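First up is the structure itself, then whatever we jot down about it.
Numbering (full-length UniProt numbering), first residue to last: 1 to 112.
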């Protein structure tokens with residue numbers, strides 16, 4: 001039988017994660033989060049995560065450093081960071097983006 005449940009999340013009331021991200025709708029296999037008005041600054045240390053991330057830039061500019069490559073992210077761009085890929089972001093202009101992670105990033109400490 002198909003899952004017919006509906007989840008609606010109002011981002012104004014969403015919980016925040018350890019890095020300031022807002023957790024949006026989350027299912028069993030995928031979740032969404034919002035990075036809102038991230039300010040420019042130095043890139044953090046590269047990290048790897050046990051999930052795949054796809055994102056979409058709403059505003060601003062950032063550099064995605066991924067396994068020795070650098071990609072400029074601008075409004076309208078989307079990107080993919082594969083499961084286990086070494087990466088970091090450097091915010092160049094006040095940045096907002098929506099990301100989806102599979103499996104959900106916030107479950108079982110995957111975001112740590």
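Note that CB positions come from ideal geometry on N, CA and C, so glycine has one too.
Here the structure is a predicted model, which is why all the values come from computation and not from measurement.
Checklist entry - Buried or exposed: where does residue 105 fall if 16 or more other Cβ atoms within 10 Å of its Cβ makes it buried? => result Taking the first residue of the chain shown as 1, we reach residue 105 at position 105. With 16 or more other Cβ atoms within 10 Å, it is buried.
Next on the checklist: Using C-beta distances below 6 Å, list every residue in its chain close to residue 95, excluding the 5 sequence neighbours before and after it, in chain order.
Outcome noted: Translated into positions along the chain shown, residue 95 becomes position 95. Closer than 6 Å at Cβ, skipping near neighbours: 38, 60, 62.
Checklist entry - From residue 23 to residue 75, what distance separates their C-alpha atoms? => result For this step, residue 23 is matched to residue 23 along the chain shown. For this step, residue 75 is matched to residue 75 along the chain shown. Those two C-alpha atoms are separated by around 21 Å.
Checklist entry - Between 67, 70, 68, 79, which lies nearest to residue 56 when the distance is taken from Cα to Cα? => result As a first step, residue 56 is located in the chain shown; it is residue number 56 there, counting from the start. Nearest of 67, 70, 68, 79 to residue 56, Cα basis: 79.
Checklist entry - If we ignore side chains and look at the alpha-carbon of each, how far apart do residue 66 and residue 25 end up? => result Counting from 1 along the chain shown, the entry for residue 66 is found at position 66. Counting from 1 along the chain shown, the entry for residue 25 is found at position 25. Answer to the nearest angstrom: the Cα atoms are 26 Å apart.
Checklist entry - For residue 5, does the three-state DSSP call read helix, strand or coil? => result Position 5 of the chain shown holds residue 5. In the structure shown, residue 5 sits in coil (DSSP, three-state: anything other than H, G, I, E or B).
Checklist entry - Would the beta-carbon of residue 54 fall within 8 Å of that of residue 93? => result Your numbering for residue 54 matches position 54 in the chain shown. Your numbering for residue 93 matches position 93 in the chain shown. No; because the gap between Cβ atoms is not below 8 Å, this pair is not in contact.
Item to check | Nonlocal neighbours in the same chain, by C-beta distance under 7 Å from residue 97, ignoring five residues either side | outcome: Numbered from its first residue, the chain shown carries residue 97 at position 97. So the list reads 35, 55, 56, 57, 58, once near-sequence residues are dropped.
Checklist entry - Going by Cα to Cα distance, which pick from 89, 50, 13 is closest to residue 70? => result On the chain shown, residue 70 is found 70 positions in, with the first residue counted as 1. It is 89 whose Cα lies nearest to the Cα of residue 70.
Checklist entry - Name the DSSP beta bridge partners of residue 63, please? => result Numbered from 1 along the chain shown, position 63 holds the residue referred to as residue 63. The partner list for residue 63 (beta bridge, DSSP) reads 72, 90.
Next on the checklist: Am I right that residue 52 and residue 101 are in contact with their C-beta atoms under 8 Å? What's the rounded C-beta distance?
Outcome noted: Looking up residue 52 in the chain shown gives position 52. Looking up residue 101 in the chain shown gives position 101. Right, their Cβ atoms sit about 7 Å apart.
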